[in-house]
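K.L.:
What follows is a single structure, and I will ask about it in a moment.
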């Protein structure tokens, strides 16, 4: 930190300054020890911002006891990454400017590979759709490392700014509880609409909403679990600190309207540290409603969503779904999902009681390392279930505990018959990981 600050302030050549700046706040770093499928794909990447409006939604922030909850047109900002045609490089490419970080005040510049409003590459389209849902609070860039990476592999990725739940507009928790699954389903519908009628033309013919995957972290994972069939308990509908006036009943297990809302276009889901089990939002009966293939990701010492009890219980109780659980041993709540902390978050923020970087980092695991592992497994899982790529099976059918695998190779690099180490991982690099698989 000290050396970097000194370097930026010194009278260095312009080229050196540019090189240094370009290395700050990167979301696209692939470590030398990253697993094989973490590498970016062959597609160039475009990115654009959508402003959507969901009409007639309950305005939880204006709810008053004894009065009907008013409705409003709920605004949603969505960042969309998509396969693009390669264009000549120009200054500013790959930059995301004015992105708010955890304190909700500081705007930073993130740097990746996507080109703003690049021409779409429809040649291999339409592409499977991925919808990304952040934590509470968070924003549409929190999982941008994963969004860019997957777009380069032939997906259209729509990441939502959940109103009342972002760094800059964090408000009543009841709004988050109710709106996460509703926002996810609405954005799915809007992306399908834009595939046929995008006024800008960028997304027209690009989106195959019939092959949709959901990706959520923490409260986004909570939303994902409910969206794919994990109905809420009756008790959670009545929590005095939850969604007001029983409004969460619309997503309650057994409610005919909830059952009817299951969207068959959703073919796969990834849930990082989904919140809710330890607070009574799910039980075995409700989670039995999940039939969509789902890949859970958790840290073994998660003290926000919990692990056991917590995410592990959700995994075990989703008995009617093909499911996986990737565990980062000794990781906490930030296992795999958040991008690396921007440089600006490493110093105190006046309105927070903690260093903002703590919102992103883990005490044991390096962010880029966690991100690369998540990118690898997301590529395998989504390739299997959204692209019907049988070649991905070998990256998922593994010895449960990586430490029990044997790395056994010839001098020429080919593997011996007794090689059982995790596919795609070099020797020693799967340390601290377990991957469990259950069938319906």
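In our numbering, the protein residues as written are -19 to 420. No residue lacks a Cβ here, since even glycine has one placed at the ideal position from N, Cα and C.
#1: Quickly, what does DSSP pair residue 252 with across the bridge? List them, please.
#2: If you draw a straight line from the alpha carbon of residue 332 to that of residue 92, how long is it in whole angstroms?
#3: Leaving aside the five residues before and after residue 209 along the sequence, list all residues of the same chain whose C-beta is less than 7 Å from its C-beta, in chain order.
#4: Taking the alpha-carbon positions, what's the residue 111 to residue 136 distance?
#5: If you draw a straight line from the C-alpha of residue 179 to the C-alpha of residue 383, how long is it?
#6: Count the other C-beta atoms from every protein chain shown that fall within 10 angstroms of the C-beta of residue 29, then say buried if there are 16 or more, exposed otherwise.
#7: I'd like to know whether the C-beta of residue 307 is nearer than 9 Å to at least one C-beta of chain C.
#8: Looking only at its chain, what residues have a beta carbon closer than 8 Å to the beta carbon of residue 356, apart from the 5 residues adjacent to it on each side?
#9: Report all residues from its chain with a CB closer than 6 Å to the CB of residue 361; omit the five preceding and five following residues, and keep chain order.
#10: If you draw a straight line from the C-alpha of residue 419 to the C-alpha of residue 294, how long is it?
#11: Which ranges does the beta strand (DSSP E) cover as unbroken runs of at least 3 residues, wholly within the segment 69 to 120, from first to last along the chain?
#12: Measuring CB to CB, does residue 339 end up less than 9 Å from residue 325?
#13: Residues bridged to residue 28 by DSSP?
#14: With DSSP collapsed to three states, give me the class of residue 4.
#15: Are residue 108 and residue 175 touching if we call contact CB-CB under 9 Å?
#16: Could you work out which residue in 315, 217, 132 and 80 is closest to residue 104 when comparing CA atoms only?
#17: Can you say whether residue 82 is buried or exposed, counting buried as having 16 or more other CB atoms within 10 angstroms of its CB?
#18: By DSSP, does residue 125 sit in helix, in strand, or in coil?
#19: Pairing CB atoms from the segment 157 to 170 with CB atoms from the segment 187 to 204, are three or more of them under 8 Å?
#20: What does DSSP give as the partner residue(s) for residue 305 in the beta ladder?
#21: Closest to residue 278 by C-alpha separation, out of 306, 90 and 298, would be which residue?
#22: Does the beta-carbon of residue 146 have 16 or more other beta-carbons within 10 angstroms, so that it is buried, or is it exposed?
#23: State buried or exposed for residue 67, treating a residue as buried only when at least 16 other CB atoms are found within 10 Å of its CB.
#24: How long is the line joining the alpha carbons of residue 413 and residue 381, rounded to whole angstroms?
P.N.:
On the basis of the coordinates in this document:
#1: The residue given as residue 252 occupies position 272 in the chain shown. 197 and 277.
#2: In the chain shown, the residue the question calls residue 332 occupies position 352. In the chain shown, the residue the question calls residue 92 occupies position 112. Residue 332 and residue 92: Cα-Cα distance of roughly 28 Å.
#3: What you label residue 209 is simply residue 229 of the chain shown in a count that begins at 1. If we look at residue 209 and ignore the five residues flanking it on each side, its Cβ neighbours are 242, 269, 270, 271 and 272.
#4: Translated into positions along the chain shown, residue 111 becomes position 131. Translated into positions along the chain shown, residue 136 becomes position 156. Near 9 Å, if we compare the C-alpha coordinates of residue 136 and residue 111.
#5: Within the chain shown, the letter at position 199 stands for residue 179. Within the chain shown, the letter at position 403 stands for residue 383. Those two C-alpha atoms are separated by around 52 Å.
#6: Within the chain shown, the letter at position 49 stands for residue 29. Flag for residue 29 reads exposed.
#7: The displayed structure is made up of one protein chain only, and chain C is not part of it.
#8: Locating residue 356 in the chain shown gives position 376, counting from the first residue. Result list for residue 356: 14, 15, 16, 17, 18, 375 and 404, in chain order.
#9: For the purposes of this step, residue 361 is taken as residue 381 along the chain shown, with counting starting at 1. Correct list, in chain order: 275.
#10: One-based indexing of the chain shown puts residue 419 at position 439. One-based indexing of the chain shown puts residue 294 at position 314. Residue 419 and residue 294: Cα-Cα distance of roughly 14 Å.
#11: Runs of the beta strand (DSSP E) inside the segment 69 to 120: 75 to 80, 87 to 91 and 107 to 113.
#12: In the chain shown, residue 339 corresponds to position 359, counting from 1. In the chain shown, residue 325 corresponds to position 345, counting from 1. Cβ distance < 9 Å, so residue 339 and residue 325 count as in contact.
#13: Reading the chain shown from its first residue, position 48 is the one you call residue 28. Note: residue 28 sits in a beta bridge opposite 60.
#14: Residue mapping note: residue 4 aligns to position 24 of the chain shown, counting from 1. Three-state DSSP puts residue 4 in coil, outside helix and strand.
#15: Locating residue 108 in the chain shown gives position 128, where the first residue counts as 1. Locating residue 175 in the chain shown gives position 195, where the first residue counts as 1. No, these two residues do not count as a Cβ contact at 9 Å.
#16: If you number the chain shown from 1, residue 104 lands on position 124. Selected option, being the one with the closest Cα: 132.
#17: Translated into positions along the chain shown, residue 82 becomes position 102. Looking at its Cβ environment, which holds 16 or more other Cβ atoms inside 10 Å, residue 82 is buried.
#18: Position 145 of the chain shown, counted from the first residue, corresponds to residue 125. In the three-state scheme derived from DSSP, where H, G and I count as helix and E and B as strand, residue 125 is classed as helix.
#19: yes
#20: Looking up residue 305 in the chain shown gives position 325. 276 and 416, per the DSSP bridge assignment.
#21: For the purposes of this step, residue 278 is identified with residue 298 of the chain shown, where counting begins at 1. Considering only alpha carbons, the answer is 306.
#22: Counting from one through the chain shown, the residue named residue 146 turns up at place 166. Looking at its Cβ environment, which holds 16 or more other Cβ atoms inside 10 Å, residue 146 is buried.
#23: Taking the chain shown and counting its residues from 1, one reaches residue 67 at position 87. Exposed, by the Cβ-count rule.
#24: The residue given as residue 413 occupies position 433 in the chain shown. The residue given as residue 381 occupies position 401 in the chain shown. Across the structure, residue 413 and residue 381 are spaced so that their CA atoms are roughly 7 Å apart.
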